[in-house]
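Below is one structure, written out as structure tokens; the observations come after it.
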Amino acid sequence: MDKTTQTERSSSADIEYADVLRTLAEHGYDAGIADTGGGCESIEIPLDDGGRLLVNDKNDLLASERANHKGWSVSRFDEDGEMVQFESTKVGSVGGLLVLVAQLT
């Protein structure tokens, strides 16, 4: 049984993806780690139109250990929470993520 609290998980994700969050902030995105339910986390970027982007690994949820990261997927949700766009890449660098985020904003 996993006795890790949500706060501890968030702290771990904040640490694992600190460089990603920092780079997104440097490019003007107010990104943070979001609990998407069931103990799963994504990087969330709120949008000016009331929507949001959720960032995960290419084919799955955000890897809890960055060493297991294989690429990026970004889903755009409108203000009603409906997914309206999805893009992914095998490129696992932060630069690869910035390209996707730019395409969806």
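Residues in the sequence shown are numbered consecutively from 4, following the working numbering.
No residue lacks a Cβ here, since even glycine has one placed at the ideal position from N, Cα and C.
Keep in mind the model is a prediction, meaning the values are calculated, not measured.
Item, Value
"Inspect the beta-carbon positions of L27 and A34 and report whether they are closer than 7 Å.", "yes"
"By how many angstroms is the C-alpha of I18 removed from the C-alpha of T80?", "Checking the sequence, you will find Phe at residue 80 rather than Thr. When rounded, the distance between both Cα atoms is 26 Å."
"Out of D52, R25 and G53, point me to the one whose CA is closest to I46's CA.", "R25"
"What is the C-beta distance between S67 and S15, in whole angstroms, given that I count them as a contact (C-beta under 8 Å)?", "7 Å"
"Kindly indicate which three-state DSSP category L101 falls into: helix, strand or coil?", "helix"
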